[in-house]
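Peer 1: In our numbering, the protein residues as written are 8 to 168.
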Amino acid sequence: MIIDAHAHYTSAPPQLQAYRGRQISTYARPARARLQISDDELTHSLQGQFKRMDDWGIDGLIFSPQASAMGRQSGSDLHGRYWTEACNDLISRAAKPWPDRISPVCQLPQSPGVNSEYWLDELERCVEMGFVSCNIKPDISGGVNPFTPSMKEDWWYPLWD
8 MIIDAHAHYT SAPPQLQAYR GRQISTYARP ARARLQISDD ELTHSLQGQF
58 KRMDDWGIDG LIFSPQASAM GRQSGSDLHG RYWTEACNDL ISRAAKPWPD
108 RISPVCQLPQ SPGVNSEYWL DELERCVEMG FVSCNIKPDI SGGVNPFTPS
158 MKEDWWYPLW D
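1) Identify the continuous alpha helix (DSSP H) that holds Pro111 and give its terminal residues.
2) Pull up the CB-CB distance for Leu68 and Ile109, whole angstroms please, since I reckon it's below 8 Å.
3) Which full runs of the alpha helix (DSSP H) of 4+ residues lie inside the segment 31-55, going along the chain?
4) Return helix, strand or coil for Ser157, following the three-state DSSP convention.
5) By the three-class DSSP mapping on this structure, what secondary structure does Gly67 have?
6) I need the boundaries of the alpha helix (DSSP H) containing Tyr16, first residue and last residue.
7) Considering just the uninterrupted stretch of the alpha helix (DSSP H) at Ala101, what are its terminal residues?
8) Taking only three categories from DSSP, how would you classify Ser169?
9) Measuring only the C-alpha atoms, how far is Arg41 from Ala19?
10) For His15, tell me which candidate among Trp126, Ser118, Asn95 has the shortest Cα-Cα distance.
11) Tell me, to the nearest whole angstrom, how far the beta carbon of Val121 is from that of Asp84; I am working on the premise that it is less than 8 Å.
12) So Gln117 packs on Ile147, CB below 8 Å; how close in whole Å?
13) On a CA-only basis, which of Leu49, Met8, Glu124 is nearest Asp61? Give me that one, please.
14) Name the DSSP bridge partner or partners of Pro72?
15) Taking C-alpha atoms, which residue in Phe70, Ala93, Trp63, Pro37 lies nearest to Leu21?
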C-alpha cells in the first residue's frame with residue numbers, strides 16, 4: 008500500500024476562500040462559516056486529486072487543509088477559530104465518503120499570543136470526527152512578537168498531554 012503522507016486540500020471549492028475574504032473584510036465582526044457546498048461540488052473538487060492518486064499508484068492520502076491558507080496570522084483569535092472550524096469541517100466532509108482513500112488531518116486555531124490550551128477543544132472535536140492527526144505550526148507568529156515558545160517549553164504541554 009502506498010500512502011501520500013503529506014497531502015493538502017488545494018482544490019477546495021471556492022466558497023471556502025470566499026468565506027475567508029468576507030471574514031477578513033468584516034474584521035470587526037467575526038462570524039462562523041455557513042458554507043453552501045453541495046456533495047457534488049465537494050466530489051468534483053477532489054476529482055483531480057483522485058486522478059493523480061490513480062495515475063501514480065497512490066492508495067491513500069493523509070489529507071489536511073491547504074497549508075498556505077491556514078491563516079493563523081490573519082485576524083483575531085476568534086477569526087482563526089472560526090476559520091479553523093470551517094477548514095476542518097470541510098476536510099471531514101471530504102474524507103467521509105472515501106475512508107479507504109482519505110485520512111483526515113486537522114489544523115488547530117493557533118494565533119499569535121494565544122495559549123495552547125485554547126486549541127484543545129478543537130483537537131478533541133476533530134478526534135471525535137475521526138481525524139488521525141493534526142498540523143502544528145511551531146512558529147505561530149512567523150518570527151514576530153509575540154514569539155512562540157520553543158516546542159520543548161511547558162507552554163506546549165497542554166497539547167502534548
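Note that beta-carbon positions come from the ideal geometry of N, C-alpha and C, so glycine has one too.
Peer 2: Answer, in terms of the structure:
1) Counting from one through the sequence shown, the residue named residue 111 turns up at place 104. No alpha helix (DSSP H) holds Pro111; the beta strand (DSSP E) holding it covers 109-113.
2) Locating residue 68 in the sequence shown gives position 61, counting from the first residue. Locating residue 109 in the sequence shown gives position 102, counting from the first residue. Going by Cβ atoms, the distance from Leu68 to Ile109 rounds to 5 Å, so yes, they are a contact pair.
3) none
4) Against the sequence shown, residue 157 aligns to sequence position 150. Three-state DSSP puts Ser157 in coil, outside helix and strand.
5) On the sequence shown, residue 67 is found 60 positions in, with the first residue counted as 1. Reduced to three states, the DSSP call for Gly67 is strand.
6) What you label residue 16 is simply residue 9 of the sequence shown in a count that begins at 1. Where Tyr16 is concerned, there is no enclosing alpha helix (DSSP H), although the beta strand (DSSP E) it sits in stretches over 10-16.
7) Taking the sequence shown and counting its residues from 1, the one referred to as residue 101 is at position 94. Ala101 -> alpha helix (DSSP H) spans 84-102.
8) Given a span of 8 to 168 for the chain in the structure shown, any question on residue 169 remains unanswerable.
9) As a working mapping, residue 41 is identified with position 34 in the sequence shown. As a working mapping, residue 19 is identified with position 12 in the sequence shown. So the two alpha carbons sit approximately 15 Å from each other.
10) For the purposes of this step, residue 15 is taken as the residue at position 8 of the sequence shown. The shortest Cα separation from His15 among Trp126, Ser118, Asn95 belongs to Asn95.
11) Taking the first residue of the sequence shown as 1, we reach residue 121 at position 114. Taking the first residue of the sequence shown as 1, we reach residue 84 at position 77. About 5 Å; that satisfies the 8 Å criterion.
12) Taking the first residue of the sequence shown as 1, we reach residue 117 at position 110. Taking the first residue of the sequence shown as 1, we reach residue 147 at position 140. Yes, they are in contact, since the Cβ atoms of Gln117 and Ile147 sit about 5 Å apart, within 8 Å.
13) Here residue 61 corresponds to residue number 54 of the sequence shown, with the count starting at 1. Of Leu49, Met8, Glu124, the residue nearest in Cα terms is Met8.
14) Against the sequence shown, residue 72 aligns to sequence position 65. According to DSSP, Pro72 bridges with Tyr16.
15) As a working note, residue 21 is residue 14 in the sequence shown. Correcting the residue type first, residue 21 is Pro in the shown sequence and not Leu. Per the Cα distances, Ala93.
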